[in-house]
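Enquirer: Just so you know, the protein sequences line up as chains L and C, in that order.
Residue numbering for the first sequence follows my numbering, starting at 1 and increasing by one per position.
Residue numbering for the second sequence follows my numbering, starting at 272 and increasing by one per position.
Even for Gly, the Cβ is constructed at its ideal location relative to N, Cα and C.
This one's a predicted model, so the numbers in the text were calculated from it and none came from an experiment.
Take a look at the following structure, please.
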Amino acid sequence: MLRDITLGQYYQTESVIHRLDPRVKLGGTLLYIVSLFVFNHFLGYIVAAVFLGIVIRLSHVPFRFMVKGMKAILFLMLITVGFNLFLTPGEVLVRFWIFKITKEGLKLAVNMAIRLVMLVIGSSVMTLTTTPNNLTDGMEKMLRPLRVLRVPVHEVAMMMSIALRFIPILMEETDKIMKAQIARGADFESGNILQRARAMVPLLVPLFISAFRRANDLAMAMEARCYRGGDGRTKMKPLVYHKRDGAAYLCILLYLAAGIAAGNLGRALGL
Amino acid sequence: MSIILDHVNYIYGGGTPLERKALDDICLQIPDGQFVGIIGHTGSGKSTLMQHMNGLLKATSGHIYFNGEDIYEKDYDMKKLRSKVGLVFQYPEHQLFEVDVFSDVCFGPKNLGLDKKEVQLRAFDALQKVGLPMDLYYQSPFDLSGGQKRRAAIAGVLAMNPEVLILDEPTAGLDPRGRDEILGQIRQLQRQTHMTVLLVSHSMEDVAEYVDRIIVMNRGAVLYDDEPKEVFAHYKELEKVGLAAPQVTYILHELKKRGLAVDVNATTVQEAADTVCAALRDRRK
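Here it is as structure tokens:
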């Protein structure tokens, strides 16, 4: 029912990308997203697309899994492209009724679409190749300097990993309660919006209660194992950089340089 | 007037690497008024089977007939089926949501579109049947004890006046006393109303005392389908699939092996005690 949300789902397989340190993948993804907005020449986008293609090939994740994530942002993308297309002032190309498409608008819309597509696919590669636990571990370690500013880094990371862990559990629970109420004659599918919203009450109340109960149990279990926050806490599998992680950082830097160079080259040649 | 399952198959996650056959060619006939125990290890497909009987899951292939009508027929009224086949899930107390017990039990009959008076009559009747003390009717369901919550939830299904009552592990997580009380009440109910009852459990002990027939499930298929004593005669095979016959079966077989002329087909503690006493009396003669 709610099972096919890929954005943020791990794909189990064996690859170089899977083995990379999560910090590399986090940092790399961040740099990649920034680079998409810094490059403003189509030659730069080609470099970005080629880089993404190579990473996808290396990750051994079937391409259709990346595209699945696109469905979720299709609506957002349509709005963005639409706004850019119709609302950018400049040299008018086409005009009908109150709408007009300008040259600048068209360019901006195409740029925006390319950026968004590659942004979503790029971050999908990260989440598809990194387990949620690894991801939060990496985040915790990367953000550790913020502790000086009294940001509760460990607590936030712990909350995130717990939240991620609970998603499938709560989904299963929803399924179960839904079935139980359907067996009692509940109807979640027909009626107008108001009726449907009211029909959700028998689903939501038990779901919230069960979430609280589970949270309570988990807190108890953590305390029973002497959990008392991040201070002095060690890891069973500490994150350690390997040679391949250094190589990956190098690749990312090379990619950035190539992208910028390609853009400059393109402009110099007047393309 | 019965439930008939005709070559029912169910495949989980078809088309993905996680594909698994949850039900494998199930053929069953359950006549009216029978008290049936369905036994199987975790993951044997018993809960999946139950969800087919009121149309919550649709078989990948095969047919299910309820009172002679194919429930997969296009214009078959699923809502009516669900009112006729009441399904009590595992840990049914997790589905309680209303402000008080009585309104929660009203939820089922209200969904059937009955008028208010009839709804309240049925709810009251159902709560009486499960033996919940009357002073709890207007308390929040969340203030009740575990056993009381479970009864309230079972009443919620009973209030729909089903012809068939399916209970999925109704005693899970209860203490022995709560277990005996609930099972005793179900049996009493079955005797009074002659409704068909399907009791799903992983414990032979639970069902041996109460049911007319036992269906043993293993890996999505029916392994045995017979009277309790016939099924327990296979106690060695049952062990191989991770199940056990009631303890009395083991004791009686052991006694017989040591030369006491007992009847190994006794299924309940009472019957076992009787046959042991009789055997000892014979021996003294």
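Using the DSSP secondary-structure output, state which residues sit across from residue 291(C) in a beta bridge.
Expert: By one-based count along the second sequence, residue 291(C) stands at place 20. Paired residues: 283(C).
Enquirer: So with Cβ pairs under 9 Å, would you call residue 435(C) a contact of chain L?
Expert: By one-based count along the second sequence, residue 435(C) stands at place 164. Not closer than 9 Å to any Cβ of chain L, the Cβ of residue 435(C) fails to qualify, so no.
Enquirer: I need the straight-line Cα distance from residue 334(C) to residue 486(C), nearest angstrom please.
Expert: By one-based count along the second sequence, residue 334(C) stands at place 63. By one-based count along the second sequence, residue 486(C) stands at place 215. One Cα belongs to residue 334(C), the other to residue 486(C), and the distance between them is close to 19 Å.
Enquirer: Could you check what DSSP says for residue 443(C) in three-state terms: helix, strand or coil?
Expert: Counting from 1 along the second sequence, the entry for residue 443(C) is found at position 172. Residue 443(C): coil per DSSP, three-state reduction.
Enquirer: Provide the residue(s) that pair with residue 277(C) in DSSP beta bridges, ordered along the chain.
Expert: What you label residue 277(C) is simply residue 6 of the second sequence in a count that begins at 1. Looking at the DSSP output, residue 277(C) sits in a beta bridge with 334(C).
Enquirer: Can you check which of these residues, 293(C), 433(C), 519(C), is closest to residue 319(C) by C-alpha distance?
Expert: Here residue 319(C) refers to the residue found at position 48 when the second sequence is read from its first residue. Measuring from the Cα of residue 319(C), the nearest candidate turns out to be 293(C).
Enquirer: For residue 536(C), which residues of its own chain have a beta-carbon under 8 Å away from its beta-carbon, when the five flanking residues on both sides are left out?
Expert: On the second sequence, residue 536(C) is found 265 positions in, with the first residue counted as 1. Around residue 536(C): 500, 503, 504.
Enquirer: Give me the chain C residues within the contact set of residue 210(L), using Cβ-Cβ distance strictly less than 7 Å, ordered along the chain.
Expert: Position 210 of the first sequence, counted from the first residue, corresponds to residue 210(L). Simply 365.
Enquirer: Is the Cβ of residue 416(C) closer than 9 Å to any Cβ of chain L?
Expert: What you label residue 416(C) is simply residue 145 of the second sequence in a count that begins at 1. Not an interface residue.
Enquirer: Going by CA-CA distance only, name the one from 442(C), 347(C), 450(C) that's closest to residue 361(C).
Expert: Taking the second sequence and counting its residues from 1, one reaches residue 361(C) at position 90. Checked all of 442(C), 347(C), 450(C); the closest Cα to residue 361(C) is 442(C).
Enquirer: Within a Cβ cutoff of 7 Å, which residues of the same chain sit near residue 20(L), ignoring the five residues on either side of it in sequence?
Expert: To locate residue 20(L), count along the first sequence from 1; it is residue 20. Excluding sequence neighbours, residue 20(L) sits near 244, 245, 248.
Enquirer: Can you check which of these residues, 57(L), 155(L), 194(L), 67(L), is closest to residue 124(L) by C-alpha distance?
Expert: Mapped onto the first sequence, residue 124(L) falls at position 124. Answer by Cα proximity: 67(L).
Enquirer: If you reduce the DSSP assignment to three classes, tell me which class residue 545(C) lands in.
Expert: Taking the first residue of the second sequence as 1, we reach residue 545(C) at position 274. When DSSP states are grouped into helix, strand and coil, residue 545(C) belongs to the helix group.
Enquirer: Tell me whether residue 17(L) is buried or exposed, calling it buried when 16 or more other Cβ atoms sit within 10 Å of its Cβ.
Expert: Taking the first sequence and counting its residues from 1, the one referred to as residue 17(L) is at position 17. Classification for residue 17(L): buried.
Enquirer: If the cut is a Cβ gap below 8 Å, which residues of chain L does residue 350(C) touch?
Expert: Within the second sequence, residue 350(C) is the residue found at index 79, counting from 1. What residue 350(C) touches in chain L: 185, 187.
Enquirer: Between the segment 399 to 413 of chain C and the segment 317 to 332 of chain C, can you find at least three pairs of beta-carbon atoms closer than 8 Å?
Expert: No: fewer than three Cβ pairs fall under 8 Å.
Enquirer: At a cut-off of 8 Å, would you count residue 142(L) as near the ligand PLP, judging by its Cβ distance to the nearest heavy atom?
Expert: Looking for the ligand PLP in the displayed structure turns up nothing, as the structure carries no ligands at all.
Enquirer: Between residue 164(L) and the rest of its own chain, which residues show a CB-CB distance below 7 Å, the 5 nearest in sequence each way excluded?
Expert: Along the first sequence, read from residue 1 onward, the residue named residue 164(L) stands at position 164. For residue 164(L), where only same-chain residues beyond five positions count, the Cβ hits under 7 Å are 132.
Enquirer: Identify, in the order they occur along the chain, each residue of the same chain with its Cβ nearer than 8 Å to the Cβ of residue 433(C), setting aside the five sequence neighbours on each side.
Expert: In the second sequence, residue 433(C) corresponds to position 162, counting from 1. Within the same chain, and ignoring the five residues on either side of residue 433(C) in sequence, the residues whose Cβ sits closer than 8 Å to its Cβ are 354, 355, 356, 357, 466.
Enquirer: Using three-state DSSP, classify residue 365(C) as helix, strand or coil.
Expert: Counting from one through the second sequence, the residue named residue 365(C) turns up at place 94. Helix, per DSSP.
Enquirer: Tell me which residues of the segment 317 to 329 of chain C have at least one Cβ-Cβ distance to chain L shorter than 8 Å, keeping chain order.
Expert: Taking 8 Å as the Cβ-Cβ cut-off, the segment 317 to 329 of chain C approaches chain L at 322, 325, 327, given in chain order.
Enquirer: Of the choices 543(C), 474(C), 481(C), whose alpha-carbon is the least far from that of residue 512(C)?
Expert: Locating residue 512(C) in the second sequence gives position 241, where the first residue counts as 1. Checking every option, the nearest Cα to that of residue 512(C) belongs to 474(C).
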